[in-house]
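Asks:
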Amino acid sequence: AQSVTQLDSQVPVFEEAPVELRCNYSSSVSVYLFWYVQYPNQGLQLLLKYLSGSTLVKGINGFEAEFNKSQTSFHLRKPSVHISDTAEYFCAVSAHNNAGNMLTFGGGTRLMVKP
Amino acid sequence: DAGVIQSPRHEVTEMGQEVTLRCKPISGHDYLFWYRQTMMRGLELLIYFNNNVPIDDSGMPEDRFSAKMPNASFSTLKIQPSEPRDSAVYFCASRITSGIGDEQFFGPGTRLTVL
Numbered sequence: 453a454q455s456v457t458q459l460d461s462q463v464p465v466f467e468e469a470p471v472e473l474r475c476n477y478s479s480s481v482s483v484y485l486f487w488y489v490q491y492p493n494q495g496l497q498l499l500l501k502y503l504s505g506s507t508l509v510k511g512i513n514g515f516e517a518e519f520n521k522s523q524t525s526f527h528l529r530k531p532s533v534h535i536s537d538t539a540e541y542f543c544a545v546s547a548h549n550n551a552g553n554m555l556t557f558g559g560g561t562r563l564m565v566k567p
Numbered sequence: 071d072a073g074v075i076q077s078p079r080h081e082v083t084e085m086g087q088e089v090t091l092r093c094k095p096i097s098g099h100d101y102l103f104w105y106r107q108t109m110m111r112g113l114e115l116l117i118y119f120n121n122n123v124p125i126d127d128s129g130m131p132e133d134r135f136s137a138k139m140p141n142a143s144f145s146t147l148k149i150q151p152s153e154p155r156d157s158a159v160y161f162c163a164s165r166i167t168s169g170i171g172d173e174q175f176f177g178p179g180t181r182l183t184v185l
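Protein chains in written order, with the working numbering: chain A, 453 to 567; chain B, 71 to 185.
1) Give the residues of chain A in contact with B:L102, contact being defined as C-beta atoms less than 8 angstroms apart.
2) Return the CA-CA distance between A:S504 and B:M109, expressed in angstroms with no decimal places.
3) Put B:D126 into one of helix, strand or coil per three-state DSSP.
4) State yes or no: is the C-beta of A:K530 within less than 7 angstroms of the C-beta of A:G514?
5) Return the CA-CA distance between A:G560 and B:S143, expressed in angstroms with no decimal places.
6) Would you give the residue range spanned by the beta strand (DSSP E) that A:A547 belongs to?
7) From A:P567, A:T538, A:F526, pick the residue whose C-alpha is nearest to that of A:L485; which is it?
8) For B:L102, which beta-bridge partners are listed by DSSP?
9) Going by C-alpha distance, which of A:T538, A:S455, A:T556, A:S546 is nearest A:F466?
10) With C-beta atoms as the reference, is B:A72 less than 7 angstroms away from B:W104?
11) Identify which residue in A:A469, A:L496, A:L499, A:S546 has its Cα closest to the Cα of A:S455.
12) In terms of DSSP beta bridges, what is A:T561 paired with?
13) Please list, in chain order, the chain B residues whose beta carbon lies closer than 7 angstroms to that of A:G560.
14) A:N520 lies in the beta strand (DSSP E); which residues open and close that run?
15) Taking Cβ positions, are B:P154 and B:M85 nearer each other than 7 angstroms?
16) Which residues share a DSSP beta bridge with A:P464?
17) Does the beta-carbon of A:V509 have 16 or more other beta-carbons within 10 angstroms, so that it is buried, or is it exposed?
18) With a CB to CB cut of under 6 angstroms and the five nearest residues on each side skipped, what residues in its chain are close to B:R92?
19) Would you say A:Q494 reaches chain B, if we count a Cβ-Cβ gap shorter than 7 angstroms as a contact?
Quick look at the structure:
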């Protein structure tokens with residue numbers, strides 16, 4: 453079984469400041485890693501994913517994340533946030549043996565960008 | 071494409087009533103997922119289908135919950151009888167098998183309130 457911990461439930465930040473949203477996972481098998489974003493009253497949409505290869509992955513809207521196997525982390529970063537980035541962000545994992553079907557989500561981090 | 075369509079968007083019902091949530095996946099997608107989102111438990115996978123066949127229903131909370139997919143373009147999640155603790159946002163998602171870890175596309179969700 454897998455578990456995902458998002459250490460910060462809320463992250464307030466000023467517009468144009470950098471931000472890092474933290475994600476740690478636990479798994480006895482190799483996993484794929486994902487970040488999804490949920491805007492108010494909408495479903496989730498994929499920001500980026502790590503399947504294999506380079507540990508630094510780039511996603512949509514200027515976000516990137518780095519996979520660190522030794523620390524079992526997959527932190528999400530953006531060098532300069534906009535008001536429109538205000539949303540809830542979910543880290544998720546899926547074991548290799550189910551091809552990314554069964555996603556286990558973290559509790560979410562609410563990013564609040566202030567002017 | 072219209073994306074994943076869910077109906078109704080909001081449902082308010084009384085304890086003991088039957089509730090049916092509906093989902094139309096993106097045309098051509100062969101996987102369909104049902105999730106539940108609550109403040110206490112976060113986002114949980116309830117069940118998923120591949121080519122209309124249920125593959126894993128280990129997340130279905132109890133026998134009061136049932137899901138069907140009679141054809142490739144329609145799925146239902148039924149709760150009978152409903153209880154106040156079933157109040158949550160229920161999401162449907164779909165994906166196509168084109169590779170490992172491909173994106174799940176989420177619908178806007180159905181917000182269920184059981185009084």
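Just so it is clear, CB atoms sit at the ideal spot from N, CA and C, and this is done for glycine as well.
Replies: Short version:
1) Per Cβ cutoff of 8 angstroms: no residues; B:L102 is ~11 angstroms from chain A at best.
2) Cα-Cα distance, rounded: 32 angstroms.
3) Strand at B:D126.
4) yes
5) 30 angstroms
6) Membership of A:A547 in the beta strand (DSSP E) is indicated by the continuous run 539-547.
7) The candidate whose alpha carbon is nearest that of A:L485 is A:F526.
8) B:F119, B:S164
9) A:T538
10) no
11) Closest option to A:S455, judged by alpha-carbon separation, among A:A469, A:L496, A:L499, A:S546: A:S546.
12) A:Y541
13) G112
14) 516-520
15) Taking 7 angstroms as the cut-off, the beta carbon of B:P154 is found closer than this to the beta carbon of B:M85.
16) A:M564
17) buried
18) S77, T146
19) At least one chain B Cβ lies under 7 angstroms of A:Q494.
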